[in-house]
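Visitor: Starting off with a structure, shown below.
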Amino acid sequence: MIANPGGASPLPDPRVAPVYIASEIYRHSTYGGLHPLSVPRVSTCTDLIRAMGWLDEAQYVEAPMASDAHILRFHDPDYLAALKRAEARQAVTAEDRDKYRIGADSNPVYREVFRRPATSAGGTMLAARLVSDGGIVHCPGGGTHHGRRDRASGFCYLNDPVLALLTWLDLGLDRIVYLDLDAHHGDGVQDAFAGEPRVLTLSIHEAARWPFTGAADDRAGGSARNFPVPAGLNDTEHRHLMRHAILPLIARHRPQAIFVQSGADSLLEDPLAKLALSNNAYWEAVAAVRPLAPRLVVVGGGGYNPYTVGRCWAGIWAVLNDIPVPDRTPPAAESVLRALVYNRAAGRNPPDHWFTTLRDAPREGPVRPEIERLAEQALEELPA
Ligand SMILES: [Zn+2]
459 MIANPGGASP
469 LPDPRVAPVY
479 IASEIYRHST
489 YGGLHPLSVP
499 RVSTCTDLIR
509 AMGWLDEAQY
519 VEAPMASDAH
529 ILRFHDPDYL
539 AALKRAEARQ
549 AVTAEDRDKY
559 RIGADSNPVY
569 REVFRRPATS
579 AGGTMLAARL
589 VSDGGIVHCP
599 GGGTHHGRRD
609 RASGFCYLND
619 PVLALLTWLD
629 LGLDRIVYLD
639 LDAHHGDGVQ
649 DAFAGEPRVL
659 TLSIHEAARW
669 PFTGAADDRA
679 GGSARNFPVP
689 AGLNDTEHRH
699 LMRHAILPLI
709 ARHRPQAIFV
719 QSGADSLLED
729 PLAKLALSNN
739 AYWEAVAAVR
749 PLAPRLVVVG
759 GGGYNPYTVG
769 RCWAGIWAVL
779 NDIPVPDRTP
789 PAAESVLRAL
799 VYNRAAGRNP
809 PDHWFTTLRD
819 APREGPVRPE
829 IERLAEQALE
839 ELPA
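Note that our numbering has the sequence shown beginning at 459, numbered continuously upward.
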């Protein structure tokens, strides 16, 4: 039994039923009107699964803010102090901006610039601790995979996946898999565990896109495999990579725990990337890895179209709970989607199925030779 950081009741046991960790901090927090992260994502997912009748409130845990001691397990103390200063003053000095990239590179100073990442870190670390004896936790507010030890990067200020994986290592686990489905390479996580044989990091991401790392031959000293995919990646190609490379690599590692970063920017409708998945690909991937370890944590990540992110992540919760997704969203869930505001071109005339369905039409297609090659290459030169 783990004490509830909120103090009142004991935390639910994720071996009995999956646990959902989220926070109300995401509902009204925005990186600013013109920033891709001005859209509500976690609150949309939470509202959807409640409206679908998929959330027993006994499964819900409000994420605590991570303590300084927990954050410092990975991050630099001077950087943490700078992040707190930025929130308190709602401004940064030129020195802090240059050194820590806060208020630079699309990492804005916003109202909760310390509290929100600290809540993501607290939620994801709690997820890791909750499954110490097994079980499943979904924590869609986590997934800030670009965060660096001593600076902000790629909209990420802290790196909650790294902190969660370190929590598992500190608990004594020594065979861990990190699977990153985000359209961007999980560079911060890969670099944090480069050459660390206890953690295998796997990342499928769009080739030639920021941060321009994660080439197919980049194995980070043996602890990583990378799948830089061409624009237009379809569901069939994603399944090919899962079946012919990722699932065999995971099985070979015999993981005690699997951590999935489910950044939803690989979906066709995402404004920041050019991949073409339907949400079926995410749901299939999560269902496929689930039986491969006794402990599973699934977090969020990127994803900048609130309709498609919300529908994708809500469906992941359904998959984790073995709940079938109905063909048509019931009125309460449709209302959640119709209430969203999305100030991009695609949001001015949203297609009807963004409101009336949760499941996308499948986006199957041919498997291009470069995808086959990526799968083969990832299995080459494995030690016996
Ligand atoms: Zn991304």
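Yeah, the Cβ is synthetic: ideal placement off N, Cα and C, and Gly gets one too.
Computed from a predicted model, the values in this text were never measured in an experiment.
In the structure shown, what three-state DSSP assignment does M459 receive?
Guide: Walking along the sequence shown from the start, residue 459 turns up at place 1. Legend: pLDDT at M459 = 44, less than 50; position of this residue unreliable, value from coordinates given subsequently. In this structure, M459 counts as coil in the three-state DSSP scheme.
Visitor: Closer than 7 Å to a non-hydrogen atom of ligand 1 - does that hold for the CB of H642?
Guide: Along the sequence shown, read from residue 1 onward, the residue named residue 642 stands at position 184. Answer for H642: yes, Cβ within range of ligand 1.
Visitor: To which residues of the same chain is V747 closer than 6 Å at the C-beta, ignoring the five residues directly before and after it?
Guide: Numbered from its first residue, the sequence shown carries residue 747 at position 289. I716, listed in sequence order.
Visitor: Considering only their Cβ atoms, is the gap separating A689 from H663 smaller than 8 Å?
Guide: For the purposes of this step, residue 663 is taken as the residue at position 205 of the sequence shown. For the purposes of this step, residue 689 is taken as the residue at position 231 of the sequence shown. For H663 and A689, no; Cβs fall outside 8 Å.
Visitor: On the three-pair Cβ rule with 8 Å, is the stretch 606-622 touching the stretch 728-745?
Guide: Remark: fewer than three beta-carbon pairs, one from each stretch, lie closer than 8 Å, so the stretch 606-622 and the stretch 728-745 are not flagged as touching.
Visitor: Touch check for the stretch 648-659 and the stretch 625-635: three-plus C-beta pairs under 8 Å?
Guide: yes
Visitor: Go ahead and pull the three-state DSSP assignment for P686.
Guide: Within the sequence shown, residue 686 is the residue found at index 228, counting from 1. P686 falls in the strand class under three-state DSSP.
Visitor: Going by the DSSP bridge assignment, what does I662 pair with across the sheet?
Guide: Position 204 of the sequence shown, counting from 1, holds the residue named residue 662. For I662, which the question treats as bridged, DSSP gives the partners F685.
Visitor: Pairs of beta-carbons, one from the stretch 594-602 and one from the stretch 674-689, closer than 8 Å: are there three or more?
Guide: no
Visitor: Using 8 Å as the threshold, is the C-beta distance between N565 and R559 below it?
Guide: Position 107 of the sequence shown holds residue 565. Position 101 of the sequence shown holds residue 559. Their beta carbons are under 8 Å apart, which means N565 touches R559 by this criterion.
Visitor: From what residue to what residue does the alpha helix (DSSP H) around V620 run?
Guide: Here residue 620 corresponds to residue number 162 of the sequence shown, with the count starting at 1. Unbroken alpha helix (DSSP H) run through V620: 618-628.
Visitor: Looking at C-beta atoms only, is the number of pairs between the stretch 742-761 and the stretch 578-594 that lie closer than 8 Å three or more?
Guide: yes
Visitor: Could you tell me whether any non-hydrogen atom of ligand 1 is closer than 7 Å to the CB of D556?
Guide: Taking the first residue of the sequence shown as 1, we reach residue 556 at position 98. No.
Visitor: Should L629 be flagged as near chain C, meaning a C-beta pair shorter than 8 Å?
Guide: In the structure shown, chain C does not exist; there is a single protein chain.
Visitor: According to DSSP, simplified to helix, strand and coil, what is G465?
Guide: For the purposes of this step, residue 465 is taken as residue 7 along the sequence shown, with counting starting at 1. For G465, the pLDDT reaches just 49, beneath the cut-off of 50, and the residue's location in the model is therefore unreliable, although a value from the coordinates is still provided. Note: G465 maps to coil in three-state DSSP.
Visitor: Any chance you could list the alpha helix (DSSP H) runs of at least 4 consecutive residues sitting entirely within the stretch 711-768, in chain order?
Guide: As far as the stretch 711-768 is concerned, its whole alpha helix (DSSP H) runs of at least 4 residues are 737-747.
Visitor: Let me make sure I understand the geometry here. Which of Y537, A552, R587, L627 has the alpha-carbon closest to that of R606?
Guide: Within the sequence shown, numbered from 1, the residue matching residue 606 stands at position 148. Checking every option, the nearest Cα to that of R606 belongs to Y537.
Visitor: Which residues bound the beta strand (DSSP E) around I479?
Guide: In the sequence shown, residue 479 corresponds to position 21, counting from 1. Counting along the chain, the beta strand (DSSP E) containing I479 begins and ends at 477-480.
Visitor: Relative to ligand 1, is the shortest distance from any of its heavy atoms to the C-beta of D723 smaller than 7 Å?
Guide: Residue 723 sits at position 265 when you count from the first residue of the sequence shown. Yes.
Visitor: Looking only at C-alpha atoms, which of A527, A745, V589 sits nearest to L629?
Guide: Position 171 of the sequence shown, counting from 1, holds the residue named residue 629. The residue with the shortest Cα to Cα distance from L629 is V589.
Visitor: What separation, rounded to the nearest whole angstrom, lies between the Cα atoms of A509 and Y518?
Guide: As a position in the sequence shown, residue 509 is number 51, starting the count at 1. As a position in the sequence shown, residue 518 is number 60, starting the count at 1. So the alpha carbons of these two residues sit roughly 14 Å apart.
Visitor: Please specify which runs of the alpha helix (DSSP H), each continuous and at least 4 residues long, are wholly inside the stretch 766-799, giving them in chain order.
Guide: 789-796
Visitor: Identify the residues that DSSP records as bridge partners of D638: which are they?
Guide: For this step, residue 638 is matched to residue 180 along the sequence shown. Looking at the DSSP assignment, D638 forms a beta bridge with S661, Q719.
Visitor: Just grab the DSSP bridge partners of Y518 for me.
Guide: Taking the first residue of the sequence shown as position 1, residue 518 is located at position 60. According to DSSP, Y518 bridges with Y478.
Visitor: Exposed or buried, Q548, counting other C-beta atoms within 10 Å across all chains shown (16 or more means buried)?
Guide: Here residue 548 corresponds to residue number 90 of the sequence shown, with the count starting at 1. Looking at its Cβ environment, which holds fewer than 16 other Cβ atoms inside 10 Å, Q548 is exposed.
Visitor: Assign R609 to one of three DSSP states: helix, strand, or coil.
Guide: As a working mapping, residue 609 is identified with position 151 in the sequence shown. Strand.
Visitor: Name the two residues that bound the continuous alpha helix (DSSP H) containing G593.
Guide: The residue labelled residue 593 in the question sits at position 135 within the sequence shown. Not the alpha helix (DSSP H): G593 falls in the beta strand (DSSP E), residues 593-597.
Visitor: Please state the DSSP three-state secondary structure of R701.
Guide: Residue numbering aside, residue 701 sits at position 243 when the sequence shown is read from its first letter. In the structure shown, R701 sits in a helix (DSSP, three-state: H, G or I).
Visitor: Please check the pair L616 and A562, which I expect to be a contact at CB under 8 Å, by giving their CB distance rounded to whole angstroms.
Guide: Here residue 616 refers to the residue found at position 158 of the sequence shown. Here residue 562 refers to the residue found at position 104 of the sequence shown. Their Cβ separation, rounded to whole angstroms, is 17 Å, which puts L616 and A562 out of contact at 8 Å.
Visitor: Which same chain residues, not among the five before or five after W512, have their C-beta less than 7 Å away from its C-beta?
Guide: On the sequence shown, position 54 is the one that residue 512 refers to. Answer for W512: W775, A776, N779, I781, listed in chain order.
Visitor: Using CA atoms only, rank isn't needed, just tell me which of T766, E520, T488 is closest to P468.
Guide: Against the sequence shown, residue 468 aligns to sequence position 10. Ranking T766, E520, T488 by Cα distance to P468 puts E520 first.
Visitor: In the DSSP assignment, the alpha helix (DSSP H) including C503 goes from what residue to what residue?
Guide: For the purposes of this step, residue 503 is taken as the residue at position 45 of the sequence shown. 500-509 is the extent of the alpha helix (DSSP H) around C503.
Visitor: Since N410 sits in a beta bridge, which residues does DSSP pair it with?
Guide: Past the edges of the chain, shown from 459 to 842, lies residue 410, and the structure says nothing about it.
Visitor: Assuming L584 contacts P522 under a Cβ cut-off of 8 Å, what Cβ separation, rounded to an integer in Å, is found between them?
Guide: Numbered from its first residue, the sequence shown carries residue 584 at position 126. Numbered from its first residue, the sequence shown carries residue 522 at position 64. Contact holds; Cβ gap of about 6 Å.
Visitor: From R826 to E742, what distance separates their C-alpha atoms?
Guide: Locating residue 826 in the sequence shown gives position 368, counting from the first residue. Locating residue 742 in the sequence shown gives position 284, counting from the first residue. Cα-Cα distance, rounded: 20 Å.
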